[in-house]
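Asks: Everything in the sequence shown is counted per the numbering used here, starting at 155 for the first residue and increasing by one. Cβ coordinates follow ideal geometry from the N, Cα and C atoms, glycine included.
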Amino acid sequence: MARVLKTKELIDTRLATNYGGWMYCDKCNENIGYLCYSTYDRLELKYKCNCGSQGSVISEFEDSKTGQGCNEELLIIKNRFCCSKDKNPLITILDNKILNYEMQITCKSCHKMYKRVFK
Ligand SMILES: [Zn+2]
Ligand SMILES: [Zn+2]
């Protein structure tokens, strides 16, 4: 079922599909991660690619609920960050491809909003 985007702001970044799939740095064309398009409600990601480019992604839907901040860490299952409550896979960040990143991602099914900073 297609979802209707409310906000989509991509800076120096490409997504393989309208609101998910593989994510690429637009400067060097390396893939920097994978966004699971059916399980997230809102993503805000800022990163610095190995090539030096500063990229960012903001994506949210018309029917997205406001995320509830939590202090829990994302679960890591086979290099994919998953919701710690319902184990839904949310996003993979290939941290060998990027120098640092900051993200906030909200799980669509339980509305928990996770923050993660990697330096
Ligand atoms: Zn790059
Ligand atoms: Zn969840």
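1. Starting from the C-beta of residue 273, find all residues in its chain whose C-beta is less than 7 Å away, skip the five residues before and the five after it, and write them out in chain order.
2. May I have all residues whose beta carbon comes closer than 6 Å to any heavy atom of ligand 2, sorted in chain order?
3. Since I believe residue 162 is in contact with residue 203 (beta carbons under 8 Å), could you give me their beta-carbon distance rounded to a whole number of angstroms?
4. Would you kindly work out how many angstroms separate the C-alpha atoms of residue 181 and residue 249, rounded to a whole number?
5. Please determine whether the Cβ atom of residue 254 lies at a distance below 7 Å from any heavy atom of ligand 1.
6. Can you tell me whether residue 263 is buried or exposed? The criterion is at least 16 other CB atoms within 10 Å of its CB, across all chains shown.
7. Opposite residue 189 in the DSSP bridges: which residues?
8. Beta carbon of residue 185: closer than 7 Å to some heavy atom of ligand 3?
9. Thinking C-beta only, is residue 175 closer than 8 Å to residue 154?
10. Buried or exposed: where does residue 213 fall if 16 or more other Cβ atoms within 10 Å of its Cβ makes it buried?
Replies: Let me spell this out:
1. 254
2. My final list is 237, 239, 240, 242, 261, 263, 264, 266.
3. In fact, because the Cβ distance is near 20 Å, the residues do not count as touching under 8 Å.
4. Between residue 181 and residue 249, the C-alpha separation is close to 17 Å.
5. no
6. Flag for residue 263 reads exposed.
7. Bridge partners of residue 189 according to DSSP: 175, 245.
8. You won't find ligand 3 in this model; what it holds is ligand 1 and ligand 2.
9. The displayed coordinates of the chain run from 155 to 273. Any statement about residue 154 would go beyond what the structure contains.
10. buried
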